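Chains A and B supply the protein sequences, listed in that same order.
Using this note's numbering, the letters of the first sequence correspond one by one to residues 1 to 155.
Using this note's numbering, the letters of the second sequence correspond one by one to residues 1001 to 1266.
Cβ atoms here follow ideal geometry from the backbone N, Cα and C, with glycine treated the same way.
Nothing here was measured: the structure is a model prediction, and the numbers come from that model.
Okay, structure first, notes after.
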Amino acid sequence: MEGPCPTPAAAVLVAALAVMPSGMVRGDTAAGAYAVVGDAVPAPLTAAPGDPARGRAIVLNRQVGLCLLCHSGPFPEERFQGELAPDLRGVGARLSEGQIRLRIVEPGRLNAATIMPAYFRTGGLTRVAPAFRGKTVLTAGQIEDIVAFLATLKD
Amino acid sequence: MSARRGGRPLPALAAACVVLGFTQAAPAAEIPSAERRSGYEFMSRETRAMQDDDATNPAVLWLLDGEALWNRKDGAAGRACADCHGNARASMKGAAARHPAWDAAAGRPVNLEQRINACRAGRQQAAPLAYESRDLLALTAYVARQSRGMPVDIAIDKRTKPFLDAGRDTFMRRQGQLNLACTQCHDELWGRKLAGSTIPQAHPTGYPLYRLEWQGLGSLQRRLRNCLTGMRAEPYPFGAPEFVDLELYLMWRARGMKMESPAVRP
């Protein structure tokens, strides 16, 4: 094949794009790209698997995860849990890992008016304080730790 | 507050807004006047009692300083506030309830602290008092005390309207790394718990006030800086036009509510 025809590899890609499931979009932040399929981000953000114990610590830490400002969960030792968001109890039974991942990475995709911050986003924000400028709320590794932990909350 | 929870269920308007990355939160309706509640009503009984009784309200110490400053001659002009205004109990009645107010020289609304500093510069020929300094807080609290119990009375006219609108825009705008807007917490989620704190409606009726967490008196702008920092947004500098516009909007939003300066908050 000569001339303006695409190379075989490019042709395959174009064909693949054409048959992409309708809900699939490429989420994109300066931090990295991730594929959104339907209401999930099925692929992990890191090659290394998340660690549930580290994930638990991040969820409970009010300066790092911030989750308990808004959410409550099965953490009887924690006082002053938030009541602005669904209880995280049983979330691992309600949602797949991919669904949980999207809800942390970019909850605004499901609910544009949500108060839940997008934890893996740096773009499109206004007046970010200098200490946080250009940074995501959590790193890809921290998000994978949280996903691994929440997946264990089965009941 | 009784068992009544926030103004409304969690925002469900969202479905209609498919634009991603927008910075304006879905506009929430203003809290109807019958539902307006001062932060006072969300406090524990003990903290309310502390505010109610001059013998226990720690802000009273600043009022005594403020009264002394009111009567003290100062600046190159060697004049005291009292030399022009007489007895503050009469002349300053309602002043705090009307501010931020239009200032012809500035060509924009100014807040009470700026009004006081304009008198220092113009009439006393004295150096301005620094924002959050003990003296400025004391004088402001003393002046604001004279409006206690009076309804907030912000006059909006052709000149002040653009500033009110700018303040409202700031209140509605998502800001900071957490991408939150004031309206999301204070119009939609008031009465509910953010971790251990009940979210109030953000009425500015008690400032300057004694905050237990600060262990001292602080201005409304100090409070606004706290919320902005929580949102991981860059706070405006003290006295910035954006802050005064936001104050103007908050006061207008609280119109008719009773002034309670100097209040106490957790």
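Residues of chain B with CB closer than 8 Å to the CB of residue i, please, in chain order.
i, result
"P130 of chain A", "E1234"
Less than 8 Å separating the beta-carbons of residue i and residue j?
i, j, result
"W1070 of chain B", "A1059 of chain B", "no"
"E1260 of chain B", "G1216 of chain B", "no"
"A128 of chain A", "Q1184 of chain B", "First, the residue type needs correcting, since residue 128 of chain A is Val and not Ala in the sequence shown. In this structure, Q1184 of chain B does not lie closer than 8 Å to V128 of chain A by Cβ."
"G1218 of chain B", "S1147 of chain B", "no"
"K1258 of chain B", "M1150 of chain B", "yes"
"M1043 of chain B", "P1266 of chain B", "yes"
"T136 of chain A", "F149 of chain A", "no"
"G164 of chain A", "L95 of chain A", "Only positions 1 to 155 of chain A appear in the structure, and residue 164 of chain A is not among them; the question remains open."
"I115 of chain A", "V147 of chain A", "no"
"L1248 of chain B", "P1109 of chain B", "yes"
"H71 of chain A", "Q81 of chain A", "yes"
"P1142 of chain B", "A1181 of chain B", "The sequence shown places Tyr at residue 1142 of chain B, not Pro. Their beta carbons are not under 8 Å apart, which means Y1142 of chain B does not touch A1181 of chain B by this criterion."
"N1111 of chain B", "L1129 of chain B", "no"
"A118 of chain A", "G134 of chain A", "no"
"D1157 of chain B", "R1098 of chain B", "no"
"A140 of chain A", "T46 of chain A", "yes"
Determine the chain B residues that contact residue i at a beta-carbon separation under 7 Å, and present them in chain order.
i, result
"R62 of chain A", "A1195"
"P74 of chain A", "Ordered by position in chain B, no residue passes the 7 Å Cβ test against P74 of chain A, which lies about 17 Å from the chain."
"V41 of chain A", "Under the 7 Å cutoff, chain B gives no residues; its nearest Cβ is about 15 Å from V41 of chain A."
"I115 of chain A", "L1180 and Q1184"
Between residue i and chain B, is any beta-carbon pair separated by less than 8 Å?
i, result
"S22 of chain A", "Summary for S22 of chain A: the model assigns pLDDT 44, below 50, so the residue's position carries little reliability; its value from the coordinates is reported in the next sentence. Not an interface residue."
"F120 of chain A", "no"
"L84 of chain A", "yes"
"F149 of chain A", "no"
"V137 of chain A", "yes"
"L17 of chain A", "Residue confidence is low: L17 of chain A scores 36 on pLDDT, short of 50, so the model does not pin down where it sits. Its coordinate-derived value is still stated next. With 8 Å as the cut-off, L17 of chain A does not count as an interface residue toward chain B."
Give a yes or no on whether 8 Å exceeds the smallest Cβ distance from residue i to chain A.
i, result
"G1021 of chain B", "Its pLDDT being 39, under 50, G1021 of chain B is placed unreliably by the model, and the measurement read from it follows with that caveat. Yes, G1021 of chain B counts as interfacial toward chain A."
"R1180 of chain B", "Note that residue 1180 of chain B is Leu in the sequence shown, not Arg. Answer yes: the Cβ-Cβ gap between L1180 of chain B and chain A drops below 8 Å somewhere."
"Q1184 of chain B", "yes"
"R1192 of chain B", "yes"
"L1189 of chain B", "yes"
"R1037 of chain B", "no"
"R1168 of chain B", "no"
"R1211 of chain B", "no"
"L1246 of chain B", "no"
Note down, in chain order, every chain A residue with its Cβ under 8 Å from the Cβ of residue i.
i, result
"G1176 of chain B", "L125, T126, R127, V128, A129 and F132"
"R1173 of chain B", "T126"
Please list, in chain order, the chain B residues whose beta carbon lies closer than 9 Å to that of residue i.
i, result
"L68 of chain A", "A1195"
"V36 of chain A", "Under the 9 Å cutoff, chain B gives no residues; its nearest Cβ is about 11 Å from V36 of chain A."
Per DSSP, residue i forms a beta bridge with which residues?
i, result
"T1198 of chain B", "B:K1193"
"V37 of chain A", "A:A40"
"D1074 of chain B", "B:R1079"
"E1175 of chain B", "Per the sequence presented here, residue 1175 of chain B reads as Gln, with Glu not at that position. DSSP lists B:L1180 as partners of Q1175 of chain B."
"V1264 of chain B", "B:Y1210"
"P1109 of chain B", "B:W1102"
"A1090 of chain B", "Beta-bridge pairing links A1090 of chain B to no other residue."
"P1151 of chain B", "B:K1258"
"A1233 of chain B", "A:V128"
For the alpha helix (DSSP H) containing residue i, list its first residue and its last residue.
i, result
"Y1142 of chain B", "R1134 to R1145"
"D1245 of chain B", "P1241 to R1253"
"P52 of chain A", "P52 to L60"
"M1050 of chain B", "R1045 to D1052"
"I100 of chain A", "E97 to V105"
"D145 of chain A", "A140 to L150"
"L69 of chain A", "C67 to C70"
"G134 of chain A", "No alpha helix (DSSP H) contains G134 of chain A, which DSSP labels as neither H nor E."
"V64 of chain A", "Neither: V64 of chain A is in no alpha helix (DSSP H) and is coded neither H nor E."
Quick one: which chain A residues come within Cβ less than 9 Å of residue i?
i, result
"R1222 of chain B", "Residues of chain A passing the Cβ test: none, with the nearest at roughly 16 Å."
Please list, in chain order, the chain A residues whose beta carbon lies closer than 7 Å to that of residue i.
i, result
"R1225 of chain B", "Residues of chain A passing the Cβ test: none, with the nearest at roughly 11 Å."
What residue does the beta strand (DSSP E) around residue i start on, and which one ends it?
i, result
"G1218 of chain B", "G1216 to G1218"
"D1103 of chain B", "A1101 to D1103"
Taking 7 Å as the cut-off, is the beta-carbon of residue i closer than that to any non-hydrogen atom of the ligand ADP?
i, result
"N1057 of chain B", "Inclusion of the ligand ADP in the displayed structure is not the case, the ligand content being empty and no account of it being possible."
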